[in-house]
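Enquirer:
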Ligand SMILES: [Zn+2]
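In the numbering used here, the protein residues as written are 27 to 379.
(1) In this structure, does DSSP put residue 135 in helix, strand or coil?
(2) Using 8 Å for Cβ pairs, my map puts residue 282 next to residue 87. What's the rounded Cβ distance?
(3) With the cut-off set at 8 Å, would you say residue 117 and residue 162 are in Cβ contact?
(4) For residue 403 and residue 301, what's the separation of their Cα atoms in angstroms?
(5) In whole angstroms, what separates the C-alpha of residue 195 from that of residue 227?
(6) How would you write the range of the alpha helix (DSSP H) that residue 79 sits in, first residue to last?
(7) Run the CB neighbour count on residue 66, radius 10 Å, all protein chains shown included, and call it buried at 16 or more, exposed below.
(8) For the 8 Å Cβ check, are there 3 or more pairs between the segment 256–276 and the segment 324–331?
(9) For the alpha helix (DSSP H) containing residue 174, list its first residue and its last residue.
(10) Could you check the C-alpha separation between residue 287 and residue 321 for me, to the nearest Å?
(11) With a threshold of 7 Å (Cβ to nearest heavy atom), would residue 119 be considered close to ligand 1?
(12) How about the segment 74–83 and the segment 351–366: do they share at least three Cβ pairs that are nearer than 8 Å?
(13) Keeping to the same chain, check which residues put their C-beta closer than 8 Å to that of residue 52; ignore five residues upstream and five downstream.
(14) Heavy atom of ligand 1 less than 7 Å from the Cβ of residue 123, yes or no?
(15) I'd like to confirm the pairing. Which residues does DSSP put opposite residue 63 in its beta bridges?
(16) Report the start-end ranges of each beta strand (DSSP E) in the segment 332–378 that is 3 residues or longer and not cut off at the edges.
(17) Are there any heavy atoms of ligand 1 lying less than 7 Å away from the beta-carbon of residue 129, as far as the coordinates show?
(18) Three or more C-beta pairs under 8 Å: does that hold for the segment 115–134 against the segment 168–181?
(19) Out of 199, 275 and 160, which has the shortest C-alpha to C-alpha gap to residue 316?
(20) With distances taken from each beta carbon to the nearest heavy atom of ligand 1, which residues come in below 5 Å, in chain order?
(21) Tell me the residue span of the alpha helix (DSSP H) that contains residue 103.
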């Protein structure tokens, strides 16, 4: 036996891979997905449970933006609690949903009070198992471009705020954003999927047109973010909403994630350091507050040996997993040829055996 083979046999016998695992770096999207699908739905209406039921059929994850002191919110909390447990997010759509067209500075100063901004956070934390409130949606799209409003939201701890631009001129239908917004407090989306509603002149319900917009974002590996109002949908597998959900769902190359957690992920990706600290040992850490940023990221490793590998995260063995990527905080690894994709929450020491 040649010495190198002998050495390999010794390593193999002791459970250490013969070849060194090399850190390539973080992947753009969780679990090396090609693209992202996120969904946001607006308003406290009796249609919210049916809307969540519909998206659960197809594995779509959403942020339900509710106004926390507007009826029938008391009837919605039980279904919202279940949604949080299943990987959806509750976002704030204020407490009372005040609107004014066109908005004025005076209106915005009053509508963006501590009671509306911080009170709605307290309501969500009190009524659900959610540990943090990451996202806001501007009621009626009002006040979204006002700096002082954005600053108040940021000061209250929100990571992102979704717009609803130009409803009266139908500009809300297809903002066309297929990536992160440059300003997360003025975050647009890709398109709406809903019938005409509110003060809009038209909606978007043509399934081929809706699907084509997704295809374009998917081709570029971007973020497909669609917005719906549950009260302006038709439910059932033969209608436009579920037809579109069915087209989006069940894809192995897509990460399904709520909106606020996606923006939390952006910060985790940008601010996490991963480095080698020993043979097949790596530290992964950041200085972010864990309650605000409880999100995993994926590190790519080159693992030329085809031998089975055990990945320890802080001395705990990670499960090997294939299947849909539809959570943002789960920890696991996946092998694809000579590559290992390891999905973990910082701060952690990884050890390959
Ligand atoms: Zn609304």
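Where a beta carbon is used, it is the ideal one built from N, C-alpha and C, also for glycine.
Expert: In brief:
(1) helix
(2) 4 Å
(3) yes
(4) Here the chain comprises residues numbered 27 to 379, so residue 403 is not present and cannot be evaluated.
(5) 7 Å
(6) 74–84
(7) buried
(8) no
(9) 173–181
(10) 7 Å
(11) yes
(12) no
(13) 295, 298, 300, 323, 324, 325 and 326
(14) yes
(15) 250 and 282
(16) 337–339, 358–362, 365–370 and 374–378
(17) no
(18) yes
(19) 160
(20) 68, 69 and 165
(21) 99–111
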